[in-house]
Every structure is written in structure tokens, then in C-alpha cells.
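One structure below.
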Amino acid sequence: MKSSQFYQTKRFIVKVLSALLIIVLCIIFLTPFIVMISTSFRTNADAFTQPVSLFPREWTLENFPAAMNVIPYWRYMGNTSFITVLSIIGNVISTPLVAYSLSKIKWKGAPIISGLLLATMMIPYTVTMIPLYRIYSKLHLTNTYIPLILPTFFGSSYFIVIVRQFIGSISDSLLESAKIDGANEFQRYSKIVLPLCKPALTTVAIYAFMNAWSDYLAPMIYISKTEKLTLSLGLQQFMGEYSTDWARLMAAAVVFVIPVVIFYIIFQRNFVQGVSTSGIKE
Amino acid sequence: MSKRSDTRRKRTKNRRQNINGFLFASPWIIGFLCFSLYPLVSSLYYSFTSFSPVSQPVWVGLKNFENIFTDSLVLKALKNTLFMSLVSTPLNLLCALSLALICAKKFKARGIVRTIYFLPSVIPMIAGTMVWIWMFDPTYGVINNVLSKVGINGPSWLLDPKTTKWSLVMMGLWNVGTAMLVIMNAVQEVSSSYYEAAKIDGANSVQAFFHITIPGIAHVIVYQAILNLINSFQYFQQVYIIIRASGGNAMGLASGGPANSILMYPLYIFHNAFIYMDMGKASAMAWLLFIVVAIMTVFMTKATKKVTDELGG
Amino acid sequence: MKRKKYLALLMVGVVLSASIIGCGDSGKQTSEATSVSEADTPKESETEETEAVESEGGEREIVNYWHIHTNEEAKVEDELIAAYNASQDKYEVVGLSMTDQQKLIVAMSSDEGPDVIFTSNSNLTTYYFNGLLYNLQKYVERDQTDLSQFMDMALETCTFDGDLYGLPNSGGAAIQMYYNKDLLAAAGYNEPPATMEELYEMAEKITTVTSNGDIDVLGYPLFPFASARQELIYAFGGTWWDEEGNLTPQSEGALESLNTNMKFREQYGVEQVQAFLGTANTNRYTEQDMFFVGKQAFRFDGTWLPTMIEENNPDLNYGITLIPATEDYPELRGVSRYESGTMAMPVNAANKEGAWDFIQFANGYEGAKILNVGRGVTPARYDLLEDPEILAIPGFDVFIEANKLDNGINYPKIKDYAKYVSLIDNALDLVYNGYMSPEEALADLAEQCKGLE
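Line by line, the protein sequences are chains A, B and C.
Position 59 (the first sequence) corresponds to 698 in the working numbering; numbering is contiguous.
Position 106 (the second sequence) corresponds to 151 in the working numbering; numbering is contiguous.
Position 37 (the third sequence) corresponds to 51 in the working numbering; numbering is contiguous.
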């Protein structure tokens, strides 16, 4: 009797402690979001008064319209959306093409390219940065969105790996019977494989969205005209020469982050799927 | 007779396969040539030249490399980057593993908890970085505020050379969501029959963890370690923003943070390319980085194979 | 499932419409990002192609002007631009506030950059050595531009290898000592210190500390960082380079200044001082600026400060005086960096004639006056020194007196200036945080500088 009671109390204590641990971790992980939102609803004067308080003493909405004035927010959002939509299209078109080639077509280039795929993921951005910049510069393509969008139409190694995995699981006999029915390679691709790929492609679209929306490095290097900046660069403009306008910056950041959060909440399952499949070794 | 026409048919079939395969893969091939191979080779060429955004490359042989090896800031950048690799990577993995184990168990609010842990790695990095900078503010930031409530006098996180890199580590831990999900998935895939067998044999949960879970997810952990390691050599965005946020111009154009404590290798490459305008040297530095990363990746991939073979998967 | 699809479609719709708006909007917004001005001058909206449009009988040629000013100062620039555009009808200047040095350099080296830039002389050197500036000597000679009214030292900052690469708009011994009269009076002082030794004494008396050791009021002028690197060193007779442009990282004066600096920091706690300075940095030039709210007794700062104090805290009881010198070098009183605001033409400027025309106007009597008065900076022209509006700028008597003393220290015209500064900052960081003694740090610095040109 005694030992089972002891065992039960021990289990109970463990449960309570685990719950506490989980809750504490959740609070820690949520804190930056709380701070972001909280700061966006207070004035700078309030944020810079001691004693410091987490929540505003006086809630205000003024930062949001003010932030929209400091930088041309909607213009930046339009720019960013434009780039993002095209990036998604580019990726969704090119990725399955290449993945299909590597997965379902038995040709001698397939293993070579598969190996190269991984090799390209290893190349640090800084190595290709300068030559690419020079090329675009000579072609007078700086301050356009072409350097940002063009690469997406040629397949991104990371996405190809994910989709290839997926296509690999499509049964060969399905394709065989289509071939017997007279379908050529492209028809087999577009009428059978592509429709079946939808889940994987959705994942690719989501990740392409995230990458393009948050991209900082490429816009920073190629875009300098103010009216062409993207949102991630626009946030930087709140950091002035002398000091940073924190309240308004946080307001702008909140508006920047919201679409991403919404997207995530809607497409949660795809996110999780995409991440999981990418973890499996080739 | 039929055998010869058989082989001929096979050859045409093969040729058609090759053509089709090539055509379908052509976007990537073109992309590879233009965006990877050509820049890689030019970059190598540039390493032996000297030029700026407004001048043409002039051959200088090994001068850039000489310069690099005698530049104290290169050494500093390397040290900083290595610190992040060696400290951040294991800590990140540990954190991801712990969170993954938590989320792998079934409990009521699991979905929400998982979302909370994963959300940080989903939002744009610049937004996250900026919030952290604000949180790290020595006087008005929430971190020191909380610390002072328990009686600790918090340091000037991003201004004290001693604590800047640790601040980066903390920011990194917040971002382990992706790794967590991957590991969690792997944990869930470990067949429950193993655990049942272990239980029958009388093993407790700790033993089960070390003898079943770990070997079962070993390949995933090592893969994440490789990814993390490669990433740690690419630290640019966060440090760039942090440095810009702490008074930009006052600290000089090309600052690497307090006492250059967060001068990461890619950041220094960037300085050399776009601020000191020495693009030849920057290219040389970048190629050295590439070689190091390549060697490490190959090494670690081989290590992965060995580990998974030994553990029997 | 259905709900999800619906939401997804909604998102896509929002994104698509935003992108359409974003594209279609390109014709409407002007390219002035941060200057939110109550425009009393009508701004012409311009299309995406803002580069030099050839004038077709009546249409003006566009001249792109990028300056480094924000907020209030940006409005002054707008005034200047409006005045110029009104004064002639061949060119139209379009202004842009570009504070990102990085972007500016990248833009100047491409052919999508500005036609005219406004920058400080320290950056001018860097731009020159990277071949980004257009040689203006030919224009000067062609148009017989009258340079006599420009102060020698100011012209000197724009001259490289004997040729002129820019025209000076403002110039002078830019930094002097501001002090809080109330804080001094509370400690029993009616006059500001005349020597650094006196300054240190006063600093000790005025610095106050809270109950848990944090610094409440800072007596010694450790902030802004740039002044600590320059004027605070110069006042002790130290220099980082000599007149020929040779680097002198281990000057006696620098060592003495740093030793005094560390003595003060150690007295009140190195970490506490750093914490105070961290806050000061977050608040710089905002309403909560440490000097504006009376938490700093002495401050080495620039000609622009009175204007800023006016805007943020007009009730501050402060005074300005020459930077003190040590007892050994009394002739160094008022020593400061010589800072000039200059206008130059990038080598890739699309509309060079228009750029030159604007540069001449902006630095002539009328144009320079607008900027100098509006920004509150000392002029680079002799004739402006007589102008009553200039003389009325708060604090000018001290700065003009300082200019006359000719104690300004010019930036060195060396290629690796930016790198040298970053190495100096590095060394100073190590000293201030107590990792190295001043002597060690400066010796280390000397080692690192060996490769610099």
C-alpha cells in the first residue's frame, strides 16, 4: 500500500513539475512577442520612463498610423508582395519539373545532379554575392526586382529535395499504365504527377512565401532606391542616425509579422509536414 | 535478328530518357551554371585580383591571401565565428531535443505548446532581431528589468564585449523551432514496439531514452548538427542589425560591435567588399570560407554514416 | 477544411491586391522617405525614371541630390531645394534623405546614384580614395568660380592632390564644451573649468550615485563616443595622426587622456559607467537625452546641439565654452576636430552640369545661409560671418571664437581612414571595459596599424 502511494505521489510531483517547466518555457518563448505588441501600443516617452514596466501605462494607437508615415509602408508591402507572389510562382513551376526528372526519369544525369544539389546547399552566400552583384550591375539590373525573383524560376535545391522525396513515393505502376495508354513524358508529368504533388507543392509555396517575405540580404544588396525597398529593409529605416524609434518600429514590426503568423496558423499542418520530410536523409 | 532490334529500341529509349531527363532538369541546370558555378569560379578568379565597385579587376597574385593571414581582424572574425559554432550548435541541439521530447508526448495543450515553440523560427528574422535588441537594452529592456526584480544587476548585453556573443546564443536558442519539429517527428517515428519490449525487460524511462530513443533519432540529430554548424558560419543578418541599432555612425562605418566582439566572418567579408571596397580580398575570404564549410560538411557526412552504421539505425 | 480553403483564398486575394496596388502606386509617391514636411512648397511628383531626363523645351532636367539629414534638418534641405528650383528654370533638384552610408556607397558606384551628395569631410576622404568623386577643378576653372570667400581650412577639406572635389557648406571647430549651469552651481561652481585638471575635480564633485551603485549624474564627458575618441584625446595633446597623414596610435596625450578616463571609470565602477553610457546611447538626441534632462554635467558636442536643445528641452540652463586644455598645453584650448559639411559630385552622376549648377548655388551666399541657419552650424564662408542671422544662432559666439583660434584638427587624407577608426574604436572598447590597460591597448593598436596606408 505504502509503496504504491509513494509511487503515485512521485508521479504526481513529476507531472506538476513537467507542467511547470512547459509553462515557463512557453512564457519565455512568448516574451518577445509580448514585448513587441506591448511596445507598439505605448509612446516612446512611456517606454523610456523608469521604473520600467512591461505593459504600457497608457495604451495608445498612435504608433500605427505614425509608423505608416515614417516609411511608405503600403508601398513597401506592395513591393514585398509583388516579389513574394512571383517567387512562389517561380518555385512552384520549376521545383516539380526538376524533382520529377531526378525521381522518375532514369537518365544518366540524375545521380550527378542529385549530388550537386547537396553541394550547392553548402555554398555560402558570400561567395557568390560579389560576382553576381557585378553581373547584375553591368546589366543595369540593380534596383530592380529581377535579381530577387529570377533565381526562383530555376529551382531551389532545398525545395527540390523535398518534392523529389514526395514524387518518389508515387507508384511507378501508375505511370507505367499511363505510358501504355500512350501518354508521353510531359503528359505523364502534368496529368498524373503534378496533381498528386499538391501537398508537397503547397509546402514549397509556403516556404517560398516565408523566404521571400522575410528576405533581407538580397534586397539590401540590390535595392537602394527608397521607393523600391521591401518591408524588411523598411523596418531598418526606423533605426536613425542617432537613435532608434522603438515604439514605432515595434508597431511596424507587428504589422510586418502578422501576415506570417496568420499564414502559419492556417497552414500549420503543411509547415510541420514540410519540415519533417526535409529532415530525412537522402 | 530480334535481339539487335531489341538493343536498338533500348538505345533509343535510353536516349529519349536522357533527353527528357535533361529537359525537365534544365531549369536547375541553367540555374546551377549561372547562379552557382559561374559565380563560384569567378569568385576564385577575383580572389587573385584587386578591384572595387568602380574599378576593373587587376591581377595581384597571392597578395590578398597574404593580407588575410596578417590581418588581425580576420583572426578575430574567425574566433568569433568559431565561438558561435562550437557553443551555439550543441546548445541549440540540446534545446531542440528537449523541446522535441516535450512535444512528442501526448498531452492536452500539445498543439498550442508546439505552436508557441515553433512560431519564433517562422517570423522574419529582422523583426525577431529587433525585438531582442530592444529586450536587451540595459536600462529599458525587459530582461534586465526581470533580473533586477530578483536582485541581479543585469549586464549591458549588447554593449559589453563579454556578453554580446552570449546574447547571440540566446537569440539562437529562441529560434530552434525548425530543428525541434524535425527531431520531434523522428522521435515519434521510433516504433513503440521497442519501448514495449524494453518495459517488459524491466527498463525504466531513463534507460529507454538512452538505449532506444537516442539511437533511433541519431541520424536526424547529426543531420541537424551539420545544418546548424553550416549556418553558424553564415551569421550576418543578426549582427549587422545589432551593430546598426547601437548608434550606427557614431561607432564608425565598419564596426564589429563592442571591441569587435560580434565581428563574424561573413560580416567582415561584407565590410571588406562594400565598405573598404576591397572586393578582391573579400572574394578571397569568401572562398576560404567555402573551403572550410565544404571540408566540414564532407567530414560530418562521413561521420554521420559511421554513427548510424554503428548504431544500427 | 472548407474554412481553411476560404481563408487561404482570402490571403491570396489580399496579397495579390496589395501587390497590384504596390505596382500601380509607383507613379504617385515622391522619393522623399523620411522628410515629413508641412510642405509650403509644392513638390512635383516624379515617375520611376528619375534619372536625367533630357529637357524638351520647357521641361526641367532632374538633378538628384542625396543628403544625410533627417527630421528637422531634412526640412531645411527642402527649403534649400525649393529656393534653388525657384531661382532658375533649367534644372529641378529632387532631394532624398539617405542616412545609410552603405547604400550611398553602393549607389554612387553604380549608375543609379545621385548627382549631388552632401556629406561630411571624413567620408569625403573615403569616397575620394575609392574613386567615387568627380574632379570639380575643371568646372571651377571653366566658370572662374570665386573661391575667395571660402575659408582656407574649409577648402582644404575638399581638396585632394591639389584639385577640388567638392565645395564646403559649413565648417569649423565643430565640437566644444557644453555644461549644465545648474549642476555646476549645486556643486558650488559659478564658472566652467578652464583646464582639464579643473574639469576632473568638478566631475568628481558633481557625479552622483544611487543607493545601489548606479550612476545618476555623470560628471566626466565620456559621451558621445565620437567625442571621447577625438576631442577628449585632443584636449590632452594627443592625436591619432600627424599633419603629414602618418598614423600615430601611441601619442603621449592619448595615453594620458585614457589613463585619466580609466581613473574616473574605476572610481565609480567600470560596469556602472558602461551601463550609464549604454542608456545615454539609446537616448542620444531624443527627448530623454542625458544632457537634455540634466543627467550629464559636461558634454563635448557640436554646433547643432543648441538647436536640438531648443526643440527638446528649452528650459535647460546650460552654457557653452571652449574645450579646456591641460595645464601643460594651454594653447590647445578650443581644440576640436575640424568638421565641414561638403557637397560633391559622384563620378557616375548622370547630370553633371545640373549638379555643378546646384552645388554652386547651395554653397553660395544665399544657399549656404539657408542650410547654416536652419541647421545651426558655423558657415564655411567669410561673408556669412557678418550676417546677422548667422550671428544670432545660439552658441555661435563660442564656436566662431574657436574657429579663429585655428585649433581645428583635420581628418587625415589616407586611404584606410575608415579601417583605422574601426581599429581605434576596438582598442578603446577594450580599455573602457577594463580588458587592457591603455598602454597595452595602444601598443596593440600600433601593431595592427602596420599594414594600413
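Note that beta-carbon positions come from the ideal geometry of N, C-alpha and C, so glycine has one too.
Near C:G333, what residues of its chain come up, given a Cβ to Cβ distance below 7 Å and the 5 sequence neighbours on each side ignored? Here residue 333 of chain C corresponds to residue number 319 of the third sequence, with the count starting at 1. Cβ neighbours of C:G333 beyond the five flanking positions: Y193, K195, P206.
Looking only at its chain, what residues have a beta carbon closer than 7 Å to the beta carbon of B:F315, apart from the 5 residues adjacent to it on each side? Locating residue 315 of chain B in the second sequence gives position 270, counting from the first residue. Excluding sequence neighbours, B:F315 sits near F281.
Cutoff 6 Å; reference A:Y712; Cβ partners in own chain excluding five residues on either side: Residue 712 of chain A sits at position 73 when you count from the first residue of the first sequence. Cβ within range, chain order: n/a, list empty.
I'd like to know whether the C-beta of C:Q286 is nearer than 7 Å to at least one C-beta of chain A. Mapped onto the third sequence, residue 286 of chain C falls at position 272. Cβ-Cβ to chain A under 7 Å: no for C:Q286.
Could you check what DSSP says for A:F687 in three-state terms: helix, strand or coil? As a first step, residue 687 of chain A is located in the first sequence; it is residue number 48 there, counting from the start. Annotated three-state conformation of A:F687 is coil, per DSSP.
In the DSSP assignment, find the unbroken beta strand (DSSP E) run with C:W80 in it and report its ends. Walking along the third sequence from the start, residue 80 of chain C turns up at place 66. In the DSSP assignment, C:W80 falls within the unbroken beta strand (DSSP E) covering 75-81.
Report the option in A:T865, A:P770, A:S871 whose CA atom is closest to the CA atom of A:W852. Indexing the first sequence from 1 puts residue 852 of chain A at position 213. The shortest C-alpha to C-alpha distance from A:W852 to any of A:T865, A:P770, A:S871 is the one to A:S871.
Using the rule of at least 16 other Cβ atoms within 10 Å of the residue's Cβ for burial, across every protein chain shown, is B:P183 buried or exposed? Residue mapping note: residue 183 of chain B aligns to position 138 of the second sequence, counting from 1. When all chains shown are included, B:P183 counts as buried.
What residues in its chain sit with their C-beta under 8 Å from that of B:G106, if we drop five residues either side in the sequence? Position 61 of the second sequence, counted from the first residue, corresponds to residue 106 of chain B. Cβ within range, chain order: F93.
Need the endpoints of the beta strand (DSSP E) that C:E106 sits in, please. Stepping through the third sequence from its first residue, residue 106 of chain C is reached at position 92. Following the DSSP letters along the chain, one finds C:E106 inside the beta strand (DSSP E) bounded by residues 105-111.
Does the segment 439-455 of chain C touch the segment 279-291 of chain C, meaning 3 or more C-beta pairs lie closer than 8 Å? These segments touch.
Taking the alpha-carbon positions, what's the C:C37 to C:Q462 distance? In the third sequence, residue 37 of chain C corresponds to position 23, counting from 1. In the third sequence, residue 462 of chain C corresponds to position 448, counting from 1. Low confidence applies to C:C37: its pLDDT is 42, below 50, so where it sits in the model is not reliable, and the reading given next is rough at best. Here the alpha carbons of C:Q462 and C:C37 stand approximately 50 Å from one another.
Same chain only: Cβ atoms within 7 Å of A:I611, ignoring 5 sequence neighbours per side: Because chain A here runs from 640 to 921, residue 611 of chain A falls outside it and cannot be looked at.
Boundaries of the beta strand (DSSP E) in which C:N183 is found, first to last residue: For the purposes of this step, residue 183 of chain C is taken as the residue at position 169 of the third sequence. Counting along the chain, the beta strand (DSSP E) containing C:N183 begins and ends at 180-187.
Integer Cβ distance of A:S882 from C:T296, believed to fall under 8 Å: Here residue 882 of chain A corresponds to residue number 243 of the first sequence, with the count starting at 1. Here residue 296 of chain C corresponds to residue number 282 of the third sequence, with the count starting at 1. In this structure, A:S882 and C:T296 form a Cβ contact; the two beta carbons are roughly 6 Å apart against a cut-off of 8 Å.
Using a beta-carbon distance below 7 Å, is C:Q10 in contact with chain A? Here chain C comprises residues numbered 15 to 467, so residue 10 of chain C is not present and cannot be evaluated.
For C:G316, report the span of its beta strand (DSSP E) as first-last. In the third sequence, residue 316 of chain C corresponds to position 302, counting from 1. From DSSP, the beta strand (DSSP E) with C:G316 extends over 312-316.
What is the DSSP secondary structure of B:F77, reduced to helix, strand or coil? Taking the second sequence and counting its residues from 1, one reaches residue 77 of chain B at position 32. B:F77: helix per DSSP, three-state reduction.
Same chain, Cβ closer than 6 Å to C:Q43, five either side skipped, listed in chain order: One-based indexing of the third sequence puts residue 43 of chain C at position 29. Caution is warranted here: a pLDDT of 35 is assigned to C:Q43, below 50, making its placement in the model unreliable, and no coordinate value can be reported.
Taking Cβ positions, are C:S111 and C:T84 nearer each other than 7 Å? As a position in the third sequence, residue 111 of chain C is number 97, starting the count at 1. As a position in the third sequence, residue 84 of chain C is number 70, starting the count at 1. For C:S111 and C:T84, yes; Cβs fall inside 7 Å.
Sequence-distant residues of its chain with Cβ nearer than 8 Å to C:D54 (five each side left out): For the purposes of this step, residue 54 of chain C is taken as the residue at position 40 of the third sequence. For C:D54, the predicted structure reports a pLDDT of 30, less than 50, and the residue's modelled location is therefore unreliable. The matter cannot be settled from this model.
A:S796 versus A:L755 - alpha carbon distance: Position 157 of the first sequence, counted from the start, is the residue given in the question as residue 796 of chain A. Position 116 of the first sequence, counted from the start, is the residue given in the question as residue 755 of chain A. Approximately 9 Å between the Cα atoms of the pair.
Residue from A:N909, A:Q647, A:Q689, A:L693 with nearest C-alpha to B:V191: Stepping through the second sequence from its first residue, residue 191 of chain B is reached at position 146. Nearest C-alpha to B:V191 among A:N909, A:Q647, A:Q689, A:L693: A:L693.
Contacts of C:V307 in chain A (Cβ-Cβ under 7 Å): For the purposes of this step, residue 307 of chain C is taken as residue 293 along the third sequence, with counting starting at 1. What C:V307 touches in chain A: nothing, since even the nearest Cβ is about 10 Å away.
Give the DSSP bridge partners of C:R351, in chain order. Mapped onto the third sequence, residue 351 of chain C falls at position 337. Its beta-bridge partners are C:I423.
Tell me whether the beta-carbon of B:P102 lies closer than 7 Å to the beta-carbon of A:T765. Indexing the second sequence from 1 puts residue 102 of chain B at position 57. Indexing the first sequence from 1 puts residue 765 of chain A at position 126. The answer is no: Cβ separation not under 7 Å.
Mind checking who C:Q190 pairs with in its DSSP beta bridge? Within the third sequence, the letter at position 176 stands for residue 190 of chain C. According to DSSP, which records beta bridges pairwise, C:Q190 is partnered with C:D315.
For B:N276 and chain C, any beta-carbon pair shorter than 7 Å? Against the second sequence, residue 276 of chain B aligns to sequence position 231. No - not a single Cβ of chain C is within 7 Å of the one on B:N276.
So, A:V802 versus A:A847, is the Cβ gap smaller than 7 Å? Position 163 of the first sequence holds residue 802 of chain A. Position 208 of the first sequence holds residue 847 of chain A. Their beta carbons are not under 7 Å apart, which means A:V802 does not touch A:A847 by this criterion.
Quick one: what does DSSP say C:T61 is sitting in, helix, strand or coil? Position 47 of the third sequence, counting from 1, holds the residue named residue 61 of chain C. Its pLDDT being 34, under 50, C:T61 is placed unreliably by the model, and nothing is read from it.
Expressed to the nearest angstrom, what Euclidean distance is found between the alpha-carbon atoms of B:F128 and B:S212? Reading the second sequence from its first residue, position 83 is the one you call residue 128 of chain B. Reading the second sequence from its first residue, position 167 is the one you call residue 212 of chain B. Rounded to the nearest angstrom, the two C-alpha atoms are 13 Å apart.
Quick one, which of C:M322, C:C172, C:G252 has its alpha-carbon nearest C:G471's? Because chain C here runs from 15 to 467, residue 471 of chain C falls outside it and cannot be looked at.
My output table needs one value for C:T274: the three-state DSSP class, helix, strand or coil. Counting from 1 along the third sequence, the entry for residue 274 of chain C is found at position 260. Here C:T274 carries a helix assignment [DSSP, helix/strand/coil].
Three-way DSSP call (helix, strand, coil) for B:T134 in this model: Here the question's residue 134 of chain B lines up with position 89 in the second sequence. For B:T134, the three-state secondary structure derived from DSSP is helix.
Proximity winner among B:G301, B:S95, B:V158, relative to B:K124 (alpha-carbon distances): To locate residue 124 of chain B, count along the second sequence from 1; it is residue 79. For B:K124, the closest alpha carbon among the candidates B:G301, B:S95, B:V158 is that of B:G301.
Taking DSSP's pairing of strands, which residues face C:V334 in a bridge? In the third sequence, the residue the question calls residue 334 of chain C occupies position 320. Before going further, note that residue 334 of chain C is Ile rather than Val in the sequence given. C:Y192.
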